[in-house]
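Below is one structure, written out as structure tokens; the observations come after it.
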Amino acid sequence: MTKIVVVGAGIIGLTVAHELLKDESNQVTIIAQQFPTDFEFATPYTSPIAGANWCSFAELNDKFTQEIDKNSYLKFQELIKNVPQANVTARKDITYIPINKFKTIYKGVKVLPWFAYGDMKKIIGFRELNPSEYDTSLFAYAYEYNGMVIRTGYYMTYLINEMWKMSGDVETSTSRFSMRRATIKSLSEAYTYHQHGRAEIVINCTGLLAKNLLDIESEEKEKLYPVRGVVFVAENTTGMKTLSVVDIYDPEYPEEKLYFMPRREGELIMGGVFQVNNDTKDIDPTFIHRLLSRCKKYLSQHNWENIKIIRTQFGYRPFRKGGYRIERKGNIVHVYGFGAGGFQSSWGAAAKSVELVKEYQNKSKF
Ligand SMILES: Cc1cc2nc3c(=O)[nH]c(=O)nc-3n(C[C@H](O)[C@H](O)[C@H](O)COP(=O)(O)OP(=O)(O)OC[C@H]3O[C@@H](n4cnc5c(N)ncnc54)[C@H](O)[C@@H]3O)c2cc1C
């Protein structure tokens, strides 16, 4: 048996632990400062706040992230088809490009994502909309694909339940899974938290808080930064059934975005902002008014009257200069820095992390 401690119960820690448990010779303990059903998030704990959808941000030449996101997309499609309790729901995902952004930022050049090309185009059902399908006085072009909405809190609980199922007896000497609430100051402490004695391998899935670990490389601390997001959770009385993104550009409020995720149980996620290096908790009270007036302008086919906002959520996307860190250093595997894409990259990132663990296990045999 290989004893492994995963530090972090965000989407990355949970998915990596889930994939490690598929190998019956692994025993996994997750330790975390915060877990998915906590009522308050006192520290940056991003996963429960996310929407979440799949909209890969990989650049056209970034094959590494594309592979990770494709792997994750295929896995989520399996869950949509076969596992309703995972709370991943199929939704068309439509993106509209307003004329002012097309002219000023994109300089009149049509910009399509990497999944508009090659085999992924077919897999994902990518299609440019005909001009008759959108308002040509507002938009330069628009496209859609077969997307999804992941109900993050329920989905993370599903992953935990799956791990208990794989584990066997709970709290006995043969159990293969356990969870422990603890805050560590350094990764070297993590080895001592395994349920069956000292761990051989530690997986670091601490998100933005990786920068606070005493034994993380100093250059790594410099690379991590928050990008704050603010979203409103509303009762969906708008009639919207598709995920909708309007790629707005407002020079007065350049950090403000416009996107919507209709969840299965009749909630609508209304976003949002993208505020680089903002780690505050203050929310501009005028933002919701601008958001609603943009809704009425750009998405007037839906009903925005008397919309009931249930709550306002904010979180800090754990960005890392240079992109995701999925790297093994001896018997520590680092898996963090997922920025705005932790859910859409989760399965692919976990697959790569498992490869790194196997590489260590094979090396240590000799
Ligand atoms: C508003 C918003 C919308 C988003 N929408 C999407 C979306 O639609 N699609 C998408 O793919 N992504 C989305 N994201 C991004 C996504 O949420 C993140 O990429 C993802 O949650 C990062 O997960 P993580 O597991 O790396 O970190 P986290 O979720 O932050 O988890 C970190 C874990 O590590 C633990 N931890 C940290 N330090 C320690 C320590 N010292 N000791 C013990 N435990 C520790 C924490 O308690 C926590 O359990 C969104 C983010 C925001 C804010």
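What the sequence shown shows, in mature numbering (1 follows the signal peptide of the UniProt record, and there is no 0), is residues -17 to -1, 1 to 349, in sequence order.
For glycine and all other residues, C-beta sits at the position ideal for the given N, C-alpha and C.
- By the beta-carbon neighbour count (other beta carbons within 10 angstroms, threshold 16), His1 is buried.
- Residue environment analysis places Pro81 among the buried positions, since at least 16 neighbouring C-beta atoms fall within 10 angstroms of its C-beta.
- Ligand 1 has a heavy atom closer than 6 angstroms to the beta-carbon of Gln17.
- Remark: the C-beta of Ile(-7) is in contact range of ligand 1, defined as less than 6 angstroms to any heavy atom.
- With a threshold of 6 angstroms, the Cβ atom of Thr29 counts as near ligand 1, since some heavy atom of the ligand is closer than that.
- For Ser161, the uninterrupted beta strand (DSSP E) run begins and ends at Phe160 to Arg164, by DSSP.
- Shown here for Ile266: same chain residues with a beta carbon closer than 8 angstroms to its own, the five before and five after excluded, namely Val213, Thr295 and Phe297 in chain order.
- With a contact defined as Cβ atoms closer than 8 angstroms, Leu251 and Phe243 qualify at about 6 angstroms.
- If the five residues before and after Thr(-3) are omitted, its C-beta is found closer than 8 angstroms to the C-beta atoms of Leu142, Ser329, Trp330, Ala332 and Ala333, all from its own chain and listed in chain order.
- Taking every protein chain shown into account, the CB of Leu197 has fewer than 16 other CB atoms within 10 angstroms, so this residue is exposed.
- For Val214, the shortest separation between its Cβ and any heavy atom of ligand 1 lies below 6 angstroms.
- Between the C-alpha atoms of Ile271 and Glu238 there is a straight-line separation of about 14 angstroms.
- Set against 6 angstroms, the gap from the CB of Gly325 to the closest heavy atom of ligand 1 is smaller.
- A check of alpha carbon separations from Gly322 across Lys206, Asp6 and Glu338 identifies Lys206 as the nearest.
- Secondary-structure assignment with DSSP links Met253 through a beta bridge to Phe215 and Phe243.
- Residues of the same chain with a CB within less than 6 angstroms of the CB of Ala(-9), apart from the 5 flanking positions on each side, are Ile13, Ala15 and Phe18 in chain order.
- In the structure shown, the three-state DSSP call for Gln49 is helix.
- Excluding five sequence positions before and after Leu112, the CB atoms of its chain that fall closer than 7 angstroms to its own CB belong to Ala125, Tyr126 and Glu127, given in chain order.
- With a threshold of 6 angstroms, the Cβ atom of Ile167 counts as near ligand 1, since some heavy atom of the ligand is closer than that.
- For Asp262, DSSP assigns no beta-bridge partner whatsoever.
- If you draw a 10 Å sphere on the C-beta of Arg181, you find fewer than 16 other C-beta atoms in it, and that means exposed.
- If you check the CB distance, Ile290 and Ala217 come in under 7 angstroms.
- The beta carbon of Asn219 is closer than 8 angstroms to those of Pro245, Arg246, Gly249, Glu250 and Leu251 in its chain, skipping five residues each way along the sequence.
- Only residues of its own chain outside the window of five on either side were considered, and among them Thr48, Gln49, Asp52 and Trp97 have a CB closer than 7 angstroms to the CB of Ala41, listed in chain order.
- Out of Lys264, Trp287, Phe215 and Pro301, the CA that lies nearest to the CA of Lys194 is found in Pro301.
- The beta carbon of Leu192 sits closer than 6 angstroms to at least one heavy atom of ligand 1.
- Judged by their CB atoms, Asp230 and Lys84 are nearer to each other than the 7 angstroms cut-off.
- In chain order, Arg311 place their CB closer than 8 angstroms to the CB of Glu342, counting only its own chain and leaving out the 5 sequence neighbours on each side.
- When beta bridges are read from the DSSP output, Ala125 appears opposite Tyr79.
- Distance from the CA atom of Asn187 to the CA atom of Ser201, rounded to whole angstroms, is 16 angstroms.
- Val71 has its alpha-carbon roughly 11 angstroms from the corresponding atom of Tyr56.
- Pairing Ser150 with Arg159 gives a Cβ-Cβ distance under 7 angstroms.
- Apart from the 5 residues on each side of it in sequence, Ile32 sits with its Cβ closer than 8 angstroms to the Cβ of Phe24, Thr135, Gly212, Val214, Gln296, Phe297 and Gly298 in its chain, given in chain order.
- Residue pairing for Arg74: DSSP places it in a beta bridge opposite Gly130.
- For the 7 angstroms CB-CB criterion, Leu226 and Arg74 form a contact.
- Residues of the same chain with a CB within less than 8 angstroms of the CB of His285, apart from the 5 flanking positions on each side, are Thr221, Gly222, Met223 and Cys278 in chain order.
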